[in-house]
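Chains as they are written, first to last, in this note's numbering: chain A, 1016 to 1315; chain B, 1016 to 1315; chain C, 1016 to 1315; chain D, 1016 to 1315. Even glycine gets a Cβ: it sits at the ideal position worked out from N, Cα and C.
There are 4 protein chains.
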Amino acid sequence: MLIRSEFDIQFYLPARTPIVAILNLHPTVEPRVVAADDLRVEHAGPAKDCEGATQLCVEDFIDGFGNRCSRFVAPAGAIRLTGSSIVDASEMPDPQGLNLPLTPVEDLPSDLLQFLLPSRYCEIDRCGGIARDLFGGFKPGWEQAAAIRDWVHEKVAFNYKAARPTKTAMDVFTERVGVCRDFQHLAIALSRSLNIPARYVTGYLGDIRVPYAGPGDFSAWYQVWLDGRWWDMDGRHNEPRLGRVLVATGRDAADVAITTSYGVANLTHFCVESNEIDADGRAVPLPAAVTRMPVQVEHA
Amino acid sequence: MLIRSEFDIQFYLPARTPIVAILNLHPTVEPRVVAADDLRVEHAGPAKDCEGATQLCVEDFIDGFGNRCSRFVAPAGAIRLTGSSIVDASEMPDPQGLNLPLTPVEDLPSDLLQFLLPSRYCEIDRCGGIARDLFGGFKPGWEQAAAIRDWVHEKVAFNYKAARPTKTAMDVFTERVGVCRDFQHLAIALSRSLNIPARYVTGYLGDIRVPYAGPGDFSAWYQVWLDGRWWDMDGRHNEPRLGRVLVATGRDAADVAITTSYGVANLTHFCVESNEIDADGRAVPLPAAVTRMPVQVEHA
Amino acid sequence: MLIRSEFDIQFYLPARTPIVAILNLHPTVEPRVVAADDLRVEHAGPAKDCEGATQLCVEDFIDGFGNRCSRFVAPAGAIRLTGSSIVDASEMPDPQGLNLPLTPVEDLPSDLLQFLLPSRYCEIDRCGGIARDLFGGFKPGWEQAAAIRDWVHEKVAFNYKAARPTKTAMDVFTERVGVCRDFQHLAIALSRSLNIPARYVTGYLGDIRVPYAGPGDFSAWYQVWLDGRWWDMDGRHNEPRLGRVLVATGRDAADVAITTSYGVANLTHFCVESNEIDADGRAVPLPAAVTRMPVQVEHA
Amino acid sequence: MLIRSEFDIQFYLPARTPIVAILNLHPTVEPRVVAADDLRVEHAGPAKDCEGATQLCVEDFIDGFGNRCSRFVAPAGAIRLTGSSIVDASEMPDPQGLNLPLTPVEDLPSDLLQFLLPSRYCEIDRCGGIARDLFGGFKPGWEQAAAIRDWVHEKVAFNYKAARPTKTAMDVFTERVGVCRDFQHLAIALSRSLNIPARYVTGYLGDIRVPYAGPGDFSAWYQVWLDGRWWDMDGRHNEPRLGRVLVATGRDAADVAITTSYGVANLTHFCVESNEIDADGRAVPLPAAVTRMPVQVEHA
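Structure below.
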């Protein structure tokens, strides 16, 4: 299945501003990339429109989590970040590791231990008791991890207006409302509290073979590590999906902001799309209703 | 100057427990190490005493921050962690980078950008306004960094009883009381808010050529990055000191816990010492009163 | 000056729900009331529209702060709360107690001491140090109180989207954005920290002799107690205004919610108006631009 | 049963300080008072000892909750607060309202509605979901209230060192450790979330007919309102006790501090005792072991 993802993000900057962006696909996706252009940043001078744009010099680097990051310095005025990619994605929805046992901490690779630690938005020093109360009775491993994801999905309501940059997993636990990242932060914190390595993911998750659900955006989900690999989980959608395209992973949203501006940057345009396309590059129409997805159980 | 550092930490474990420890010296200290033995972990069976101890197998690894970490699985019962080192430390107290300018974000090496991000105990998404109000008027760079350190030192009172694992920089800002780590977390958060890369440090800071100040412990301080290197800062002691011995650095205390136990571990003994010794290995007596330290200004 | 205030608030209730409302004018306003009808609550049966409404029985009571509260039990379905009043308001804007000294705690009437305590949204146990740092240098009394109000007005940005029910004064202090109540909570907390009794107020503050500023709503402001009386202050608008009509006062917003529903109540309509009228009951047109208001200094 | 309660509390004040104290017995206890002297405050001049003390003038007032409060202004120097009382307490331990139904909100007396609101340390705007998850399945009324109390008692550990003035119910919920007041705050917040009116109580709870449990102190417990009256509950001790002597009630600890000093007051001595005495005024010896208490079920 071919997935074309693209973005067009524009800011107006009152002053010269260094910016870090994580907008290229994750290096691990490369084997499936059919076509991709790098992040392109154009600048339009001090005027507010984008005409006469000139391309800015962008430097790439790999951060400590293996993400492909970009940095550049934008002069005052209007800037525009664009990029697109086509990946050949699996025809099967998110694989399910049913019945997988918990990997004991002692058997975890050392570089995974960081995904058991507290982080900015996942204050696991605050939720050990809660996690044990709610999920201590489940079988450690996939069953427990899935119970956490299901609980978060059931208890937290989605509301765009309930987003805020300071919101932590425990805020979500008490307020019971949030956006994508909030669902995942709570699920991550509860998972780590039970010694399940969990990390935050940003990427594309378009309406692929599911009915149209509104304007596109970047998506957040999370991954748990069981049986020697990471498994995609999604506290918000909580159903196996097709067409996730990985951009970045980190301990939580603090590590993988789409853009970090070291100065004022006023968002003026934001368009993100991720669609299935056919061999001719035409978008495949979406179904009017949810059709039954195939189930991909890897461990039964 | 020779500094001998040593520790003897004992736990009683009700059950078999994986443990991660950061107790060996930092790899960057190696050129100055005169003698050092690795972390030694002994176990004494299910009985509560330490007789008949047997040595456990300890595996070393380097974490994402470059720290030398250790991991082992301890059977139920009493365990004892010991180690010691002698380093040939500088005769000069912490160098002062007076008047150094702020390095613009765009000129920072990419691997330092993480030290501008929010982290578990340094919620810089909450303190930008505070930092600008209090320190916006200082000259960016050393002057501003030193003003932050001085302010934290002046406003926060030290009290061992005010420690708690969930305490964040903003808690310290409002409660105005804490232990070592709390001073540093607040100073780090305020520094990062003004685009000064700042990281948390654990290590030894004994009473070296200063009067005896009580039983030894590990210490925490922090570092800011200016002019191409890290500079030691210490919101608690706030005076140039001799004999800091680096163990680990990270974004904040969440990254560099002395020990992290994945299970219950009851501390039964804790002894940490760091002293100046002479060529014969004898501890150098401490002065009865503070004597004037030499000043090491590297940039004037 | 005649001020007509009126509201029309409608809810849809999935189930029978007890409700407490604070919507009648405050008893202390009575001497200036020209006309007023009590809160009227109508019910429209299980259908979602309001036709065929029948009036519900409403019981009044005075709460511990002296507010005139109402309680009733609404059956499932649509309900509508309406009311209106005309008061003969002062022609002069909020009086200014310039130079008034702080009343020492020992001279405060005993029933005012509660307005020095911490409350749900004004955690003064967290902001003593902050208040002393920022305002300790001002002359205790009006000058200090006004400095607090001015600071809050300057530092906090208004944004309807930044409202949330759990937001406290310290959240406002760190996030620097909020709605009416948030400005007042922060100002109240800082005032109390410096021993200035401060209480939260809800009421009407229409666009009276100022240009139109958008659809009407209830407003929140606060009062400080100096020289034997309460003085209106407003951290959001921060300019002397005409036509404040008092509904309720309390320690903070927790005490004086417009409506408190003990069950789910979905708001379906909300209209609040407060306008100057002439002797014939016609709304007085608003000026196109701000005209200079008279200044009412009571203590110089 | 005769209970003699007494206190001797001393402070050193660097400067003249207004103080409010709530140290006299609650007015509702009066019918059972055999003997009681009012709070006595002595002052010893600028010297640090208490010799040559002179008695200060103390003014009593009743606060908005019906508590008998005292206020006075203490000159700089040492002050001493003393008082004692003898009450004729019930021979039966705390009555149990087993099976009592919840009183619907609509049937609550209006002056009880305040005990359903959020307050400083009981942020019920944050714990509705938690309360429904944990206790939604219990029968509303005594059964649910007792389930909350039992849960708090089981999940929270007592530790004097875990006290801090800013600790809220949700902090206790996450940290799972605290002192008397913390247990009660969490239980109150959870109770109110389920529409059970709950208030905080301070008073004496000595070791009465139970084994000695350490030096005396004031105690905190809470009360829930069911079937037309308040019932004592105690999340910390969680067993029916003899000899509770009521001093004050409020929404939470913010309302009923033993002493509130408007300035620095250094505690130099603190002694509180509450003991059973015989007719001759001699302390009745305590049992070496817990004996079975009679059960006082008022509703079965």
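In this structure residue 1160(B) is not in contact with residue 1203(B), their Cβ atoms being roughly 11 angstroms apart against a cut-off of 8 angstroms. For residue 1023(D), the secondary structure class from DSSP, reduced to helix, strand or coil, is strand. Of all residues in the region 1141 to 1160 of chain A, only 1141, 1142, 1143, 1144, 1145, 1148, 1149 place a beta-carbon less than 9 angstroms from a beta-carbon of chain D. Distance from residue 1117(A) to residue 1155(A) at the Cβ level is roughly 4 angstroms; contact confirmed, criterion being Cβ atoms closer than 8 angstroms.
With contact defined as three or more Cβ pairs closer than 8 angstroms, the region 1068 to 1082 of chain B and the region 1288 to 1295 of chain A are not in contact. Beta-bridge partners of residue 1265(C) (DSSP): 1215(C). Under the DSSP assignment, residue 1185(B) falls outside any beta strand (DSSP E), being part of the alpha helix (DSSP H) whose first and last residues are 1184 to 1190. The Cβ atoms of residue 1282(D) and residue 1112(D) do not sit closer than 8 angstroms to each other. C-alpha of residue 1252(C) to C-alpha of residue 1194(C): approximately 11 angstroms in a straight line. With contact defined as three or more Cβ pairs closer than 8 angstroms, the region 1044 to 1053 of chain B and the region 1084 to 1099 of chain A are not in contact. With a threshold of 16 other beta carbon atoms within 10 Å, residue 1284(A) falls short and is exposed. Measuring C-alpha to C-alpha distances from residue 1164(C) to each of 1206(C), 1138(C), 1137(C), 1148(C) identifies 1206(C) as the nearest. Per the Cβ contact rule, the region 1256 to 1265 of chain B is in contact with the region 1078 to 1088 of chain B (3 or more Cβ pairs under 8 angstroms). When only Cα atoms are considered, residue 1110(B) and residue 1220(B) end up about 15 angstroms apart. Cβ neighbours of residue 1235(D) within its own chain (closer than 6 angstroms, five residues either side excluded): 1195, 1196, 1199, 1217. Distances from the CA of residue 1101(C) to each of 1140(C), 1046(C), 1146(C) were compared; the closest alpha carbon is that of 1046(C). Closer than 8 angstroms to the CB of residue 1181(A) there is at least one CB belonging to chain C.
Counting of Cβ neighbours within 10 angstroms places residue 1247(B) among the buried residues, the total reaching 16 or more. The alpha-carbon of residue 1238(A) is positioned some 13 angstroms away from that of residue 1201(A).
Residue-level contact check: residue 1190(B) touches chain D, since one or more beta carbons of chain D fall below 8 angstroms from its beta carbon. Between the alpha carbons of residue 1140(A) and residue 1288(C) lies a distance of about 48 angstroms. The residues 1208, 1209, in chain order, have a CB closer than 8 angstroms to that of residue 1147(C) in the same chain once the five nearest residues on each side in sequence are set aside. Counting only residues of its own chain and dropping the five nearest sequence neighbours on each side, residue 1232(D) has a CB closer than 6 angstroms to the CB of 1287. When the beta-carbon positions are compared, residue 1278(D) and residue 1028(D) come within less than 8 angstroms of each other.
Here residue 1078(B) has 1084 as same chain residues with Cβ atoms under 7 angstroms from its own Cβ, once five neighbours each way along the sequence are excluded. In the three-state reduction of the DSSP assignment, residue 1232(A) falls in the coil class.
Residue pairing from DSSP places residue 1075(A) in a beta bridge opposite 1085(A). Boundaries of the alpha helix (DSSP H) harbouring residue 1196(A): 1195 to 1208, taken from the DSSP string. One alpha carbon belongs to residue 1016(A), the other to residue 1272(A), and they sit about 28 angstroms apart. Here the alpha carbons of residue 1301(D) and residue 1186(A) stand approximately 47 angstroms from one another. The alpha-carbon separation between residue 1043(B) and residue 1044(A) amounts to approximately 35 angstroms. Boundaries of the alpha helix (DSSP H) around residue 1149(C): 1143 to 1150. Among the residues of the region 1164 to 1179 of chain A, those with a Cβ less than 7 angstroms away from any Cβ of chain D are 1170, in the order of the chain. For residue 1075(B) and residue 1152(A), the gap between their C-alpha atoms comes out near 34 angstroms. For residue 1269(B), the CB contacts under 8 angstroms within the same chain, skipping 5 residues up- and downstream, are 1134, 1135, 1136 in chain order.
Proximity to residue 1032(C) across 1059(C), 1018(C), 1125(C), 1091(C) peaks at 1091(C), based on C-alpha coordinates.
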